[in-house]
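Asker:
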Amino acid sequence: MAYFENINAIKYEGASSKNPFAFKYYNPEEVINGKTMEEILRFGVAYWHTFDADGSDPFGVGTAIRPWDHLTGLDRAKARVEAAFEFFEKLNVPFFCFHDVDIAPEGSTLRESNQNQDIIVAMIKEYMATSKTKLLWNTANMFTNPRYVHGAATSNNADVFAYSAAKVKKALEVGKELGAENYVFWGGREGYETLLNTNMKLEQDNLARFFHMAVDYAKEIGFDAQFLIEPKPKEPTKHQYDFDVATGLSFLQKYDLADKFKFNIEANHATLAGHTFEHELHVARINNMLGSVDANQGDPLLGWDTDEFPTDLYSTTLAMYEILKNGGLGRGGLNFDSKVRRGSFDVEDLFHAHIVGMDGFAVGLKVANKLLEDRVFEDFIDDRYSSYNEGIGLEIVEGKADLRKLEAYALELTEIKNQSGRTERLKAILNQYLLETITK
Ligand code: XLS
Ligand code: NI
Ligand code: NI
Numbered sequence: 016m017a018y019f020e021n022i023n024a025i026k027y028e029g030a031s032s033k034n035p036f037a038f039k040y041y042n043p044e045e046v047i048n049g050k051t052m053e054e055i056l057r058f059g060v061a062y063w064h065t066f067d068a069d070g071s072d073p074f075g076v077g078t079a080i081r082p083w084d085h086l087t088g089l090d091r092a093k094a095r096v097e098a099a100f101e102f103f104e105k106l107n108v109p110f111f112c113f114h115d116v117d118i119a120p121e122g123s124t125l126r127e128s129n130q131n132q133d134i135i136v137a138m139i140k141e142y143m144a145t146s147k148t149k150l151l152w153n154t155a156n157m158f159t160n161p162r163y164v165h166g167a168a169t170s171n172n173a174d175v176f177a178y179s180a181a182k183v184k185k186a187l188e189v190g191k192e193l194g195a196e197n198y199v200f201w202g203g204r205e206g207y208e209t210l211l212n213t214n215m216k217l218e219q220d221n222l223a224r225f226f227h228m229a230v231d232y233a234k235e236i237g238f239d240a241q242f243l244i245e246p247k248p249k250e251p252t253k254h255q256y257d258f259d260v261a262t263g264l265s266f267l268q269k270y271d272l273a274d275k276f277k278f279n280i281e282a283n284h285a286t287l288a289g290h291t292f293e294h295e296l297h298v299a300r301i302n303n304m305l306g307s308v309d310a311n312q313g314d315p316l317l318g319w320d321t322d323e324f325p326t327d328l329y330s331t332t333l334a335m336y337e338i339l340k341n342g343g344l345g346r347g348g349l350n351f352d353s354k355v356r357r358g359s360f361d362v363e364d365l366f367h368a369h370i371v372g373m374d375g376f377a378v379g380l381k382v383a384n385k386l387l388e389d390r391v392f393e394d395f396i397d398d399r400y401s402s403y404n405e406g407i408g409l410e411i412v413e414g415k416a417d418l419r420k421l422e423a424y425a426l427e428l429t430e431i432k433n434q435s436g437r438t439e440r441l442k443a444i445l446n447q448y449l450l451e452t453i454t455k
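Residue numbering for the sequence shown follows this note's numbering, beginning at 16 and increasing consecutively.
Put into structure tokens, the structure is as follows:
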């Protein structure tokens, strides 16, 4: 059965195309610096937003019209798998991602949930055997069910810790079975509401114990995925422990986990933390911790995780700039952790949304690549810090200066001259590169 029968395979038609179901900038075969766009961008579809979300919000029920609406339970889960692989093929996307509960309904016991999962995982495996679409990452949902009311690995309740561990054990087995490239931990409820009832030290120690157990088990079963932490400052908890990359990094370092994890960076989480997307990517990159990306965008007028499809070309350009500087995403990818707006309730909208997101990152890739080729910001930055290439600056970076020496130097200084940072000029150049690439 076809779920999206009115929609044909999405092809690249170029910037002048008026076909809404065609890529205008994303040409999977186009080679940039020796690699195809498909290889560099490694797009993934998020199962939960695309096949499960129904458009409900805290004030209203779902609005989405889906061809599997009339089904329930395992039947609906199976229909979603069929639909998903039709969607992946039509979109020609190389990856997808899911939480355990996205693919199969939870049973009344853990055993039953695992059995439901086994049925659907076997079905997914069969589809994957003939599909090009691979699993970028999977994860366990440890935030929706009421049992996680006080957290999962950071719950005050040891039974919840144990239950969560069992879920992750299963998810690691599923990841191995389906050949996942990565395994993600997003700690939605790993945080706290008030210090009046919280033992933060124990909660954080337990979270680290939990991560170590997961790493050990993956090793034991020969699941060699890259482990990723997805920082987010808040929502649903008020204070989330993986606030941002810097906080996550110090946690990983403290608990001897820094060589076992990298980060999965989500644009909207960056902005919730008061950073830009590129800031988070940059902090991860310079610490060799950039693993994968949840591609989306927030709304500057709203203060929550709106998970919009990425359409802001500045943001995609500056993100791709960091990703190219990182030498690519390795085993990671660009997973659209993005959902269509509540008013975009047709299945067609799922295609429009992914097309605009993929085109947006393709533009970003091209602009970023050109900027790097021409060393636009590189040269400017090199020059800006050139005082460290010689004289006293060189002595500082080579560790040959101490306070006494620097004082002697400073006492002889007659004048300190600074140079303009040229922010506006640099932004003008960025605009020029963007417009040139788009109109070319
Ligand atoms: C929620 C998170 C979540 C993770 C996976 O804000 O982005 O969707 O990506 O658990
Ligand atoms: Ni995410
Ligand atoms: Ni998110």
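Each residue gets a CB set at the ideal place from its N, CA and C atoms; glycine is no exception.
Taking Cβ to Cβ, would you say Y62 is nearer than 8 Å to F110?
Answerer: Against the sequence shown, residue 62 aligns to sequence position 47. Against the sequence shown, residue 110 aligns to sequence position 95. Their beta carbons are not under 8 Å apart, which means Y62 does not touch F110 by this criterion.
Asker: Quick check on the burial criterion: 16 or more other C-beta atoms within 10 angstroms. Buried or exposed for R440?
Answerer: Residue 440 sits at position 425 when you count from the first residue of the sequence shown. Exposed.
Asker: Can you tell me which of the three DSSP states E192 falls into?
Answerer: As a position in the sequence shown, residue 192 is number 177, starting the count at 1. In this structure, E192 counts as helix in the three-state DSSP scheme.
Asker: Taking 8 Å as the cut-off, does the region 81-101 touch the region 387-397 (at least 3 CB pairs, one atom from each stretch)?
Answerer: These segments do not touch.
Asker: Where are the alpha helix (DSSP H) runs, 4 residues long or more, that stay fully inside the region 231-273, in chain order?
Answerer: The region 231-273 contains these whole alpha helix (DSSP H) runs: 260-269.
Asker: Look at the Cβ atom of T326, then the Cβ atom of Q312, and state whether they are nearer than 8 Å.
Answerer: Counted from its first residue, the sequence shown places residue 326 at position 311. Counted from its first residue, the sequence shown places residue 312 at position 297. A contact, by the Cβ cut-off of 8 Å.
Asker: Enumerate, from N- to C-terminal direction, the unbroken beta strand (DSSP E) stretches of 3 or more residues contained entirely within the region 65-151.
Answerer: Fully enclosed beta strand (DSSP E) runs of 3 or longer: 110-114.
Asker: Within its chain, find whatever has a CB closer than 6 Å to the CB of H369; leave out the 5 residues flanking it on each side and keep chain order.
Answerer: Along the sequence shown, one-based indexing puts residue 369 at 354. Answer for H369: L106, listed in chain order.
Asker: Looking only at its chain, what residues have a beta carbon closer than 8 Å to the beta carbon of M215, apart from the 5 residues adjacent to it on each side?
Answerer: Working through the sequence shown from its first residue, we reach residue 215 at position 200. Once the five neighbours on either side are set aside, the close Cβ partners of M215 are Y207.
Asker: Using alpha carbons as the reference points, say which of I135, A423 and L56 lies closest to G345.
Answerer: As a first step, residue 345 must be located in the sequence shown, where it is residue number 330. It is L56 whose Cα lies nearest to the Cα of G345.
Asker: Just to check my reading of the structure: Y256 and E205 have Cβ atoms closer than 8 Å, yes? What is that Cβ distance to the nearest angstrom?
Answerer: As a first step, residue 256 must be located in the sequence shown, where it is residue number 241. As a first step, residue 205 must be located in the sequence shown, where it is residue number 190. That belief holds up - the Cβ atoms of Y256 and E205 are roughly 5 Å apart, short of 8 Å.
Asker: Please report how far the alpha carbon of G342 lies from the alpha carbon of I301, in whole angstroms.
Answerer: Counting from one through the sequence shown, the residue named residue 342 turns up at place 327. Counting from one through the sequence shown, the residue named residue 301 turns up at place 286. If you take the alpha carbons of G342 and I301, they lie about 12 Å apart.
Asker: Using only alpha-carbon positions, find the residue among N48, L421 and E97 that is nearest to E20.
Answerer: By one-based count along the sequence shown, residue 20 stands at place 5. Of the listed residues, the one whose Cα sits closest to E20 is E97.
Asker: Measure how close the beta-carbons of F158 and P251 come, nearest whole angstrom, since I'm counting them as under 8 Å.
Answerer: Here residue 158 is taken as the residue at index 143 of the sequence shown, counted from 1. Here residue 251 is taken as the residue at index 236 of the sequence shown, counted from 1. With 8 Å as the limit, F158 and P251 qualify as a contact, their Cβ atoms being about 7 Å apart.
Asker: Relative to the alpha-carbon of R224, which residue among N153, Y270 and K277 has its alpha-carbon at the smallest distance?
Answerer: Numbered from its first residue, the sequence shown carries residue 224 at position 209. Minimum Cα distance to R224 is reached at Y270.
Asker: Return the chain-ordered ranges of every alpha helix (DSSP H) run that is complete within the region 173-223 and spans a minimum of 4 residues.
Answerer: Fully enclosed alpha helix (DSSP H) runs of 4 or longer: 173-192.
Asker: Where Q434 and G408 are concerned, what is the direct C-alpha to C-alpha distance, given to the nearest angstrom?
Answerer: Within the sequence shown, numbered from 1, the residue matching residue 434 stands at position 419. Within the sequence shown, numbered from 1, the residue matching residue 408 stands at position 393. Cα to Cα, Q434 sits roughly 16 Å from G408.
Asker: Could you tell me whether any non-hydrogen atom of ligand 1 is closer than 7 Å to the CB of T154?
Answerer: Locating residue 154 in the sequence shown gives position 139, where the first residue counts as 1. Yes, Cβ of T154 sits closer than 7 Å to a heavy atom of ligand 1.
Asker: Does at least one heavy atom of ligand 2 sit under 7 Å from the Cβ of T389?
Answerer: Against the sequence shown, residue 389 aligns to sequence position 374. The displayed chain sequence assigns Asp, not Thr, to residue 389. Every heavy atom of ligand 2 is 7 Å or more from the Cβ of D389, so no.
Asker: If you draw a straight line from the C-alpha of G88 to the C-alpha of P120, how long is it?
Answerer: On the sequence shown, residue 88 is found 73 positions in, with the first residue counted as 1. On the sequence shown, residue 120 is found 105 positions in, with the first residue counted as 1. Their backbone Cα atoms lie some 6 Å apart in a straight line.
Asker: In this structure, how does DSSP classify I61 when only helix, strand and coil are distinguished?
Answerer: As a first step, residue 61 must be located in the sequence shown, where it is residue number 46. Reading off the sequence shown, one finds Ala at residue 61, where the question assumed Ile. A61 falls in the strand class under three-state DSSP.
Asker: Would you give the residue range spanned by the beta strand (DSSP E) that F276 belongs to?
Answerer: As a working mapping, residue 276 is identified with position 261 in the sequence shown. Counting along the chain, the beta strand (DSSP E) containing F276 begins and ends at F276 to E281.
Asker: Between the alpha carbons of H284 and E430, how many angstroms are there, rounded?
Answerer: Locating residue 284 in the sequence shown gives position 269, counting from the first residue. Locating residue 430 in the sequence shown gives position 415, counting from the first residue. So the alpha carbons of these two residues sit roughly 44 Å apart.
Asker: Report the rounded CA-to-CA distance for F258 versus E188, giving the unit in angstroms.
Answerer: On the sequence shown, residue 258 is found 243 positions in, with the first residue counted as 1. On the sequence shown, residue 188 is found 173 positions in, with the first residue counted as 1. If I take the Cα positions, the gap works out to 28 Å.
Asker: If we ignore side chains and look at the alpha-carbon of each, how far apart do V164 and S179 end up?
Answerer: Mapped onto the sequence shown, residue 164 falls at position 149. Mapped onto the sequence shown, residue 179 falls at position 164. Computed Cα separation, rounded: 12 Å.
Asker: With respect to the alpha helix (DSSP H) encompassing L428, which residues constitute its N-terminal and C-terminal limits?
Answerer: Sequence index remark: in the sequence shown, residue 428 carries index 413 (1-based). No alpha helix (DSSP H) contains L428, which DSSP labels as neither H nor E.
Asker: Between which two residues does the alpha helix (DSSP H) harbouring V308 extend?
Answerer: Taking the first residue of the sequence shown as 1, we reach residue 308 at position 293. That residue, V308, is in no alpha helix (DSSP H); its beta strand (DSSP E) goes L305 to D309.
Asker: Under 7 Å from any heavy atom of ligand 3, does the C-beta of E281 make it?
Answerer: As a working note, residue 281 is residue 266 in the sequence shown. Yes, since a heavy atom of ligand 3 falls inside the 7 Å radius drawn around the Cβ of E281.
Asker: Buried or exposed: N172, going by 16 or more other Cβ atoms within 10 Å of its Cβ?
Answerer: Walking along the sequence shown from the start, residue 172 turns up at place 157. N172 should be labelled exposed.
Asker: To the nearest angstrom, report how far apart K26 and T51 are at their CA atoms.
Answerer: Here the question's residue 26 lines up with position 11 in the sequence shown. Here the question's residue 51 lines up with position 36 in the sequence shown. Going from the Cα of K26 to the Cα of T51 covers about 15 Å.
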